[in-house]
Amino acid sequence: MVIDLQNISFKYGSVNVIQEITAHFNPGELVSLVGPNGAGKTTLLKLISGTLKPSSGKIYIYDQLSHNLTNKKRAVWISMVPQNPKLPDEISIPDFVMLGRNPHLGLLQWESKKDFRIAHKSMSLTEIDYLSKRKLGEISGGERQRAMLALAITQESPIMLLDEPTSNLDISHQIKIIKLIRKIHEQKSGFGVTILAIHDLNIAAQFSDRILLFSKGSIAADGTPKEVLTKNNIESIYGSEVTIITHPEHGTPVIIS
Amino acid sequence: MKSTTNTNDQDLVLPYKYPWNKITIGIIIIFICAVIGVAVGSVYIPVTSVLLILLSKLNLFNGSIELTPAWHTIIWNIRFPRVVLALLVGASLGISGATYQGLFKNPLADPYLIGVASGASLGATIIFLSGIPFTYGYFSLLPIASFCGGIVAVFIAYLISIKSNNTHLSTLLLAGLAIGAFATAITGILMLRSDPDLRPLLSWLMGGFIRAQWSHSILIMPYIIIGVSFILGYSRILNTMQLEEYYAESLGVNTEKTKRILIVSATLVTAAAVSFSGLIGFVGLIAPHIIRLLWGTDYRTLLPLSGLMGAAFLILADLAARTIVSPIELPVGIITALVGSPFFVYVLLKTKGSTVDGY
Amino acid sequence: MFQPILFTISIAFVLMIGMASCSEGSSPKQPDPAAPSSTPAPIKTYTHKQILPSTPIATLTTLPITKKKQSQNFPKDRIVKYSSTPSPLTYEKLTSQFPVTIIARDGNEIVFNKAPERIIAYDAAAVETIFAIGQGHRIIGTHSWVSYPVEVENIEKIGDAFNMNIERILDLDPDLVFLFYPTFKEELEKAGLKVLLLESIDDDLMKMANTFRTWGQITGAVNKAEILAKNFEARIVEIQLILDPYHSGPSIFQDVGDLWTPGNNTLMGNVFQLLKLKNIAHDVDNYGQLSPEIIIDRNPQIIISSTPDLLYQNPAFNKLLPIKNKSIFKPNNDYLGISGPRFILGLEELANEFYPGLFK
């Protein structure tokens, strides 16, 4: 088991954001967290990444208690693409992507040629090599998203967490990014775990191996897209009527409202 | 296919190279500034005599040419220690300014503007007025007292800026302003209540190098070396600190520890600078900003070059302070403020649209 | 944003002014028993107590005084008029005449129909002068740095030299407020008070005598003021006469703190001129912080400082004669800091100090 969540809860003030969730994530899985806004998707990602500490329960990463991991070790194992972070305008794209090598470097150690090659590779993979002379303040939202993805790839960690990687993107970029994430996931040849919080059910259905459907801080359904995205589930959780058809090419469910 | 990757590899992301060439140029510029600083002053001394005096000090020349002892004193006991102290203080303020800016993600964070320098000078004033003998050979309590004052000030400024939950540029500056004014007020009260005979001791608060002696440079050197070593050691980590804290942590940075080490180091360096030369504003603002405009925000480049820039700037500012209205002197703080305040306004206007986060 | 800078500048200003032109010390000094109290200094000159160490600090052997070549002929009339022992000074008996018109610093005329009864004298020199002419009972307030004469202890202090409790002043309802700098003038005038600020005497030492006379006119004690003024003038002239045969004396540097020094247009600059001491800051206007290398270059033969240790400790200065000899002159009193009746004592102290053979 790569990630093992045991009975975790998280309180923000007196509000239970996450309520006694237990879940496991296995090697090779690309998992989507879906659910209405405020259901706890982002919070769960933050709990896994260590940004937040659970109020109760235990998180194991590779059988080690997450709580005891140093930031550095956690960063070797987990990379994260946050949603709409504030980024420093003045940093150039290559310098930004290169920050992903930090977990692999000692305090006084600086990036070697090898590190630069890795950063370059992730820039080509995300197709942002043309931005090498630009700064973060000078690029579009989609380019920012890809730059952050490149940074996460540069981290070379088996676990990748993505918080709404398609938000603020137009439809063609959304598909591009998701395909890219899928591609990177597959390059880890079966041992990586990719977890993304996403609000678009159709994209989740099309590209995920497994979907966790969230409702009010707990998991309402867990399984393959077909198992989870049923008319019943969606109507009871989202509260609106939908029709579900099957995608003619992929055989995945498509939700029409 | 392979060849294209290779050319791309070189075009795109070149491995980071330490800016040795820029540092070398910087050192040469400082050397030139220092030579000018030693050669020029309100008393005219021919350059050849200056050289002979320096050569004789280096034992490269045994004075067969007569040199007036006054010139010898002026060069060796006044101008030279003064240029060296200005160099050290300028470098300290440049580096600590860049560090504070990186830590607080605020391009206007100058050791003087965020109240650290005022706190440090309050610490030094207390030691001055306490009557405790503070110099023991090559050890002085003064930088340590300054450090205590400075660390309290920076801690309060930092607390205010996070407690107010407002990441806007001005919060830290306003907090710093308040703390600086408070510390200065306390210093003023202490001064007025003090023994009148001790008051002249406190005129160093004005900021300047008129009393510069060799021993001052020697006394502050260890603190500067320690502080600057830590800062330069953390320069790559400081790059990651430009991201939001949780993001930096997800990249494996222990942000709390890094902040603590860097604040302590930068304050140590500032305190050392303040303890013998008083309050000199804006050096820590001007130097890093010019470097940033020229060579970007990589702190591995920015920090050492800001130090060099600050040193060169302060040597020249002091030269101006002691020659413009010769035979009398201006406090060097007036010169740096004259240059610095327009600069401050410029930086403020430039960053007005974006908040700290944009930096 | 720049308020701290202003503040530090004002600190320096306070230091400068504080040491130069007003009574020092938040802690009141013990009055010197040898100094004349509220009566004018005795007319017999050069009898004031030798407060200084008996060994002269600067001796004539080390300090050159160039003698004028043809200088033996003093103008006779001056000698007759002010001989060094002028047993009772002659002057015409004066009578006070009200109304009195005084010209203030800004050129305006201020009329006194009668002597003011409730004076707030915000100046050490004025307080001393008023007491010296026997009119101290008229003073109802001053600032906390004023410590002479002893009677001042019982006078209310309305702030220190640079801060003034204006509400308290209004409360005291004075019929004259005397100031030595103009900061609060307008505000006090707006409140309906009579405010007096006299012409600065920094450019001419002799004007001090006129200040004494002015106080005599204002308070009606014209005769006592005239004695005080005449005495002052006579003693100045006496110094001039004794030094008349000489061209110039040693060069001098006065450090009033951190190398701030009086130059031209300062009272001390005038004192040096009178004593034929060559002020090395002759090209400084008012007060200025002298460049250390200038001090070394101009090589003063005498240094005056109230904090000599700071100069001794600075290795840059250790080749200067007064520092090598540990002979920086530290005045033992603040006579020269207050341009009042005791100023002449400070002047004579300096004269005695630097020309030990000449004044007996």
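Protein chains in written order, with the working numbering: chain F, 1 to 257; chain H, 1001 to 1359; chain A, 2001 to 2360. Cβ atoms here follow ideal geometry from the backbone N, Cα and C, with glycine treated the same way.
Taking 8 Å as the CB-CB cut-off, is residue i touching chain H?
i	result
Asp2258 of chain A	yes
Val2284 of chain A	yes
Ala2316 of chain A	yes
Trp110 of chain F	yes
Asn102 of chain F	yes
Ser92 of chain F	yes
Ala75 of chain F	yes
Asn68 of chain F	no
Pro82 of chain F	yes
Phe214 of chain F	no
Ser167 of chain F	no
Leu47 of chain F	no
Thr2062 of chain A	With a pLDDT of 43 at Thr2062 of chain A, under the threshold of 50, the predicted position of this residue should be treated as unreliable, though the coordinate-derived value follows. With 8 Å as the cut-off, Thr2062 of chain A does not count as an interface residue toward chain H.
I want to verify the contact list: residues of chain H whose CB lies under 7 Å from the CB of residue i, in sequence order.
i	result
Lys2278 of chain A	What Lys2278 of chain A touches in chain H: nothing, since even the nearest Cβ is about 14 Å away.
Gly2346 of chain A	Near Gly2346 of chain A there are no residues of chain H at all, since even the closest Cβ is about 17 Å away, more than 7 Å.
Taking the alpha-carbon of residue i as reference, which of the options has the nearest alpha-carbon?
i	options	result
Ile2344 of chain A	A:Lys2230, A:Phe2317, A:Ile2295	A:Lys2230
Thr1336 of chain H	H:Tyr1299, H:Leu1348, H:Leu1279	H:Leu1279
Gly1176 of chain H	H:Arg1079, H:Leu1190, H:Thr1187, H:Phe1155	H:Phe1155
Ser1265 of chain H	H:Ile1095, H:Ser1121, H:Asn1059	H:Ile1095
Trp2379 of chain A	A:Asp2203, A:Gln2289, A:Ala2234	This structure cannot settle anything about residue 2379 of chain A, because the visible part of chain A is limited to 2001 through 2360.
Arg101 of chain F	F:Lys121, F:Val254, F:Pro85	F:Lys121
Lys2326 of chain A	A:Leu2179, A:Asn2314, A:Ile2239	A:Asn2314
Leu2368 of chain A	A:Trp2215, A:Val2146, A:Tyr2287, A:Asp2204	As displayed, chain A neither begins before 2001 nor continues past 2360, which places residue 2368 of chain A out of reach and without an answer.
Ser157 of chain F	F:Asn7, F:Ile8, F:Ser9, F:Lys73	F:Lys73
Pro2116 of chain A	A:Val2284, A:Lys2330, A:Ala2221, A:Ala2225	A:Ala2221
Lys41 of chain F	F:Ser55, F:Ile21, F:Ser56	F:Ile21
Gly223 of chain F	F:Val17, F:Ile256, F:Leu213	F:Leu213
Met98 of chain F	F:Ser140, F:Ser79, F:Ala150	F:Ala150
Phe260 of chain F	F:Leu5, F:Phe10, F:Ile18, F:Asn26	Absent from the structure is residue 260 of chain F, since the part of chain F shown begins at 1 and ends at 257.
Can you pull the DSSP bridge partners for residue i?
i	result
Leu2197 of chain A	A:Leu2179
Gly2141 of chain A	A:Ile2120, A:Glu2156
Ser92 of chain F	F:Lys135
Arg210 of chain F	F:Val31
Asp2255 of chain A	A:Ser2305
Leu161 of chain F	F:Met80, F:Ile195
Phe2329 of chain A	A:Ile2304
Gln6 of chain F	F:Lys58
Gln64 of chain F	F:Ile61
Show which residues of chain A have a CB atom less than 7 Å away from the CB atom of residue i.
i	result
Ser1049 of chain H	Chain A residues near Ser1049 of chain H: none, gap ~13 Å exceeds 7 Å.
Glu1329 of chain H	Gln2289, Ser2291
Gly1150 of chain H	None at all; the shortest Cβ gap to chain A is about 15 Å.
Val1043 of chain H	Glu2293, Ile2294, Asp2297
Thr1073 of chain H	Ile2296, Ala2316, Lys2319
Arg1322 of chain H	Ser2291
If we cut at 8 Å on Cβ distances, does residue i have a partner in chain A?
i	result
Ala1086 of chain H	no
Tyr1346 of chain H	no
Arg1292 of chain H	no
Ile1053 of chain H	no
So with CB distances below 9 Å, who are the chain A contacts of residue i?
i	result
Val1332 of chain H	Ordered by position in chain A, no residue passes the 9 Å Cβ test against Val1332 of chain H, which lies about 11 Å from the chain.
Asn1106 of chain H	Correct list: empty, because the minimum Cβ distance to chain A is about 15 Å.
What in chain A is Cβ-close to residue i, meaning under 8 Å?
i	result
Ala1070 of chain H	Ile2296, Asp2297, Asn2299, Lys2319
Ile1326 of chain H	According to the sequence provided, residue 1326 of chain H is Ser. The question's Ile does not apply to it. Correct list: Ser2291, Ile2294.
For chain F, is any of its Cβ atoms less than 8 Å away from the one on residue i?
i	result
Leu1079 of chain H	Leu is not the amino acid found at residue 1079 of chain H; the sequence shown has Arg there. No, because no Cβ of chain F sits closer than 8 Å to the Cβ of Arg1079 of chain H.
Ser1003 of chain H	In this prediction, Ser1003 of chain H has a pLDDT of 38, which is less than 50 and means its spatial position is unreliable; what the coordinates show is noted afterwards. Output row for Ser1003 of chain H: interface = no.
Leu1243 of chain H	yes
Consider the Cβ of residue i: report whether some Cβ of chain D lies at a distance smaller than 8 Å.
i	result
Pro54 of chain F	Among the protein chains of the structure shown, namely F, H and A, there is no chain D.
Which residues in chain H have a C-beta closer than 8 Å to the C-beta of residue i? List them in chain order.
i	result
Thr51 of chain F	Tyr1246, Glu1249, Ser1250
Pro158 of chain F	Near Pro158 of chain F there are no residues of chain H at all, since even the closest Cβ is about 15 Å away, more than 8 Å.
Is the stretch 1230 to 1250 of chain H close to the stretch 1334 to 1354 of chain H, with three or more CB pairs under 8 Å? Per the Cβ contact rule, the stretch 1230 to 1250 of chain H is not in contact with the stretch 1334 to 1354 of chain H (fewer than 3 Cβ pairs under 8 Å).
For the pair the stretch 1314 to 1325 of chain H and the stretch 1084 to 1100 of chain H, tell me if three or more CB-CB distances fall below 8 Å. Using a Cβ-Cβ distance cut-off of 8 Å, the stretch 1314 to 1325 of chain H and the stretch 1084 to 1100 of chain H are in contact, since at least three pairs of beta carbons, one from each stretch, lie closer than that value.
Should the stretch 159 to 175 of chain F be regarded as contacting the stretch 195 to 209 of chain F, the criterion being three or more beta carbon pairs within less than 8 Å? At 8 Å Cβ cutoff, the stretches touch.
Are the stretch 132 to 142 of chain F and the stretch 88 to 96 of chain F touching, with three or more C-beta to C-beta distances below 8 Å? Verdict: yes, contact present.
Touching or not, the stretch 1142 to 1155 of chain H and the stretch 1261 to 1277 of chain H, by the rule of three or more beta carbon pairs under 8 Å? The stretch 1142 to 1155 of chain H vs the stretch 1261 to 1277 of chain H: in contact.
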